[in-house]
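Participant:
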C-alpha cells in the first residue's frame, strides 16, 4: 500500500473513532448513565474492533496483486556480434527475438521471462531495481533498441 492510501485509511479510522466518542459522550435519556470506567471500556473495545477491521483491510489490499501493464518490447539485435544471455532462463538472446528491458536499469531479458518475473517480483532480477512501466496510450509499447548490450 502506498503512503497516500495509508494516510487516507488512518484519517478514516480517526474520523470513525471521533464519531464513536461523540456518540458515547452524547446524552442518552433512554439508557441509564454509565460509569466513566464502563464508558472507557466500551470505547476501547469498539476502538480495538475498528483497528482489527482496518488491519484486515490493509492485509487484504497488500495481498491483492497490482495491475501490471505490459513492458515495452523490441527485437533483439546483438551489438558488435556479441550475444547476451537472459539471466532469468539462462538461454541466449537470439537475433530478432522479442526482448524487454527494465526501464530503470536497462537490463535486457526475453519478453516472456521478464513479464513473468515482473508479475511475481516487481524488481530487476539482476540488480533489484524497481520495474516501472512507462506510460503508453494503449498499454503496449514497442521500442526500437539502438544500442542493446
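Residue numbers (the numbering used here): 2 to 150. Every residue, glycine too, gets a C-beta built ideally from N, C-alpha and C. If you're wondering where the values come from, they're calculated on a predicted model, not measured in any experiment.
1) On the three-pair Cβ rule with 8 Å, is the segment 13-27 touching the segment 38-49?
2) With H, G and I counted as helix, E and B as strand and the rest as coil, what does DSSP make of residue 49?
3) At what residue ranges does the segment 65-136 contain a whole run of the alpha helix (DSSP H), taking only runs of 4 or more?
4) Taking only the alpha-carbon atoms, compute the straight-line gap between residue 121 and residue 80 and give it to the nearest angstrom.
5) Considering only the alpha carbon of each residue, which of 94, 61, 116 lies closest to residue 103?
6) Starting from residue 4, trace the alpha helix (DSSP H) both ways and give me its first and last residue.
7) For chain C, is any of its Cβ atoms less than 8 Å away from the one on residue 127?
8) Just the Cα atoms here: how many angstroms apart are residue 85 and residue 94?
Facilitator: A quick look at the data gives this:
1) The segment 13-27 vs the segment 38-49: in contact.
2) Per DSSP, reduced to three states, the secondary structure at residue 49 is helical.
3) 112-121
4) 30 Å
5) 116
6) Start and end: 4-26.
7) The structure shown contains no chain C; it is built from a single protein chain.
8) 6 Å
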